[in-house]
Structure formats: structure tokens, C-alpha cells
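J.: Here it is, the structure, as C-alpha cells.
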Amino acid sequence: VWNRTSAKAEPLVQKGALVAADAAAAIGVSPIVIICVTGYEATRHIFETEKAASAVAGRLLIQWTTGTPQDARDGESWAKQYGAQYLDGAIIAVPSQIGRPETPIFVSGPEEAFRQGEPLLRVLAGSTQYMGEAVGEAAAWDLAVLSHYFGGLLGFYHGARIFESEGIRVDALGDMLAAIAPVIGEVVQNDSKAIQAADFDNAESSLEICWKGMELAVKQARESQINTDFPAFASAMFKKGVVAGYGEEKQAALIKVLREGA
Ligand SMILES: NC(=O)c1ccc[n+]([C@@H]2O[C@H](COP(=O)([O-])OP(=O)(O)OC[C@H]3O[C@@H](n4cnc5c(N)ncnc54)[C@H](OP(=O)(O)O)[C@@H]3O)[C@@H](O)[C@H]2O)c1
């Protein structure tokens, strides 16, 4: 193992890892190299300043750093230039979850390279999922999942403020959301099918109802004098769909507004 600040490797040394003096030395003794740093720029910096680029020839380089699909494509071109095979991965877990059988990591790139790295990847993340040959796919999955995850978290934090304003315990909200997660998951699944099939008729839950729901959250925030940012944003988004004429359609019809331009 190697890290710029070598002291951070100490807990791994206690578990039997060997620390290399520099990145090139670590790569030199490793047929498979996994890198996970702040960003793709930091990866380049390490390979360029640590003289590690030449060491990577003939090895399988697995990038675990979070990036965009374009970052992944650039990473693959770069690795090819140095004679390395390349897989791009995305970690869907926090550090303490690494090494567990249920931990998901998305990986994409040449299937042959994935099969080579799979046994090692499964030790680190038992639920490693191969997303396909297109190297940018794991990053696309990652950013799509993160959009849902962080969007949900922002809603949760606002929900926590509603609870605080009404004197209700916030941890009860966390317990409730965990318990009803499959129900919310089913709604997302149904929305995804509607979008894929372009089927927005016969709404069980209309876009207008969603708008009205978030308008009520804005009203509550004003009444309780709590922050209005989240419900105001969500309400404005749903309102765009209503103004565009999709109010009676399924809530997933909002995708038509999002498609209209960057
Ligand atoms: N933490 C999570 O829960 C989580 C979950 C999913 C994905 N990820 C992804 O994992 C990646 C790392 O996140 P993290 O939470 O581990 O971040 P972190 O704790 O801040 O660690 C950043 C790492 O990057 C290294 N680094 C940064 N710039 C460098 C440079 N110019 N040269 C050499 N090394 C450099 C740091 O080295 P030093 O120790 O020397 O500073 C450190 O090892 C990110 O892409 C993140 O999105 C993290």
C-alpha cells in the first residue's frame, strides 16, 4: 500500500499490509493496482510526480476515485497510453462498510479485465457489480444513485427541521424512513418504468398533487419560521411541470421538463 501521508497506512500495517516508500514501488509489486484519492486530478498528480506512470505498464489499474463518465473515458485513454489495462469503479459505501459481503461497488470496462480483478474486488466489496464494457457506465450509475441519495438526504434534513419545529424526536423520523424504504423504492421503480415507456397517462399520483404537497411544506416552513430552501426548490420544480401542461399526468412527467434544456 501507499498513501502520500504514510502515517494513514499505520492501521493497515497492523493488519499485515506492507507500506511502499513511493507509489512506483507499490505499483511495481502489484499486478492489480487500486487507486482511491480525492479526484482524478490527484490521480494524475500521483502518476506524474511520483514517477509511477511507467510502473503501471502491463498491470490492471482499477480507479475507485469518484468521477464523471468522461473522467473514466479519459482515465482509460491515459492508462492505455502507459500500457495498462483499466477498469473504472464507483464506491457505493462508506469506509467502514468496505470488506463486507453486501457492499456494492460498480465497475465498468473490458470484461476480460473485470474477470481478472473480480476475485480481489469481491474481497473488498462482496456485492461488486459489473456494469458493462463502456468504461463510463459505473460513473453514470454512481452519479445517478448519488443524485437520488443526496436529493433524499436534503429532503430528510428539511423533514428534521419540521420535526424540530413541532417538538418531535428526529431519530423517530430516521427509523420511520428506514422502515418504509421499500414503499418509497417501489414508487421510484414505477416512475422509472413510466419514463422508460414514455407512459405518463392514468396517473395514480399526479404531478399537480406533488406540487401541492411541496407548497404545503413551504406554508408550514413559513408558519414555523424555519428554512424554506428545500420545499421552495422542490415546489418550483414541480410547478414547472404544471405550467408546462403536465399537471394531470404521472409525477414522472417532470422528466419532460428536465429534457427541455440544460
Ligand atoms: N468517504 C466516503 O464515504 C466515500 C464514499 C464513496 C466514494 N468515495 C470516494 O472516494 C474518494 C476518496 O474519498 P475519501 O473520503 O477517502 O477522501 P479523503 O479521506 O479526503 O482522502 C483523500 C485521499 O486522497 C489523497 N490525495 C489527495 N490529493 C492528493 C495528491 N495531490 N497527491 C497524492 N494524494 C492525494 C489523500 O492523501 P493524504 O492522506 O496524503 O492527504 C488521501 O489519501 C473520493 O473520490 C470520494 O468521492 C468516498
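Anchor point for the sequence shown: position 196 equals 256 in our numbering, and the numbering is continuous, going up by one each time. Idealized CB from N, CA, C, for every residue including glycine. Quantities reported herein were computed from a predicted structural model and do not represent experimental measurements.
1) Could you pull the start and end residues of the beta strand (DSSP E) that residue 92 belongs to?
2) Kindly indicate the opening and closing residues of the beta strand (DSSP E) around residue 307.
3) Between residue 315 and ligand 2, is the CB less than 7 angstroms from at least one heavy atom?
4) Among 286, 174, 149 and 89, whose alpha-carbon lies nearest the alpha-carbon of residue 128?
5) DSSP on residue 265, reduced to helix/strand/coil?
6) Taking only three categories from DSSP, how would you classify residue 215?
7) Closer than 8 angstroms is the cut-off here; do at least three beta carbon pairs connect the region 186-200 with the region 259-278?
8) In the structure shown, what three-state DSSP assignment does residue 166 receive?
9) Can you look up residue 143 in the DSSP assignment and give me helix, strand or coil?
10) My understanding is that residue 203 touches residue 169, with C-beta atoms under 8 angstroms, so please give their C-beta distance in whole angstroms.
11) Ends of the beta strand (DSSP E) at residue 120?
12) Per DSSP, residue 151 is paired with what?
13) Would you tell me roughly how many angstroms separate the C-alpha atoms of residue 277 and residue 251, rounded to the nearest one?
14) Taking 8 angstroms as the cut-off, decide whether the C-beta atoms of residue 77 and residue 69 are in contact.
15) For residue 174 and residue 167, I'd like the C-alpha separation in whole angstroms.
16) With the cut-off set at 8 angstroms, would you say residue 271 and residue 310 are in Cβ contact?
17) Counting C-beta neighbours from all protein chains within 10 Å, is the total for residue 89 16 or more, i.e. buried, or is it exposed?
18) Alpha carbons only, please: which of 144, 182 and 67 is nearest the one belonging to residue 161?
19) Should residue 196 go down as buried or exposed, given a rule of 16 or more other Cβ atoms within 10 Å for buried?
20) Whose CA, out of 248, 226, 249 and 219, lies closest to the CA of residue 235?
21) Let me make sure I understand the geometry here. Which of 152, 145 and 153 has the alpha-carbon closest to that of residue 177?
22) With residue 189 as the anchor, note down where its beta strand (DSSP E) starts and where it stops.
23) For residue 131, count the other beta carbons within 10 Å of its own beta carbon; 16 or more makes it buried, fewer makes it exposed. Which is it?
T.: Looking at the atomic coordinates:
1) 92-95
2) Counting along the chain, residue 307 falls outside any beta strand (DSSP E), and DSSP gives it neither H nor E.
3) Summarising the ligand content, the structure contains ligand 1 and does not contain ligand 2.
4) 149
5) Residue 265 falls in the coil class under three-state DSSP.
6) In this structure, residue 215 counts as helix in the three-state DSSP scheme.
7) no
8) Residue state, collapsed to three classes: strand.
9) coil
10) Going by Cβ atoms, the distance from residue 203 to residue 169 rounds to 17 angstroms, so no, they are not a contact pair.
11) 120-123 is the extent of the beta strand (DSSP E) around residue 120.
12) When DSSP reads this structure, residue 151 sits in a beta bridge with 165.
13) 22 angstroms
14) yes
15) 8 angstroms
16) no
17) exposed
18) Selection 144, 182 and 67 evaluated against residue 161 yields 182 as nearest (Cα-Cα).
19) buried
20) 219
21) In terms of Cα proximity to residue 177, the closest of 152, 145 and 153 is 145.
22) 189-192
23) Burial state of residue 131 is buried, judged by a 10 Å Cβ sphere holding 16 or more other Cβ atoms.
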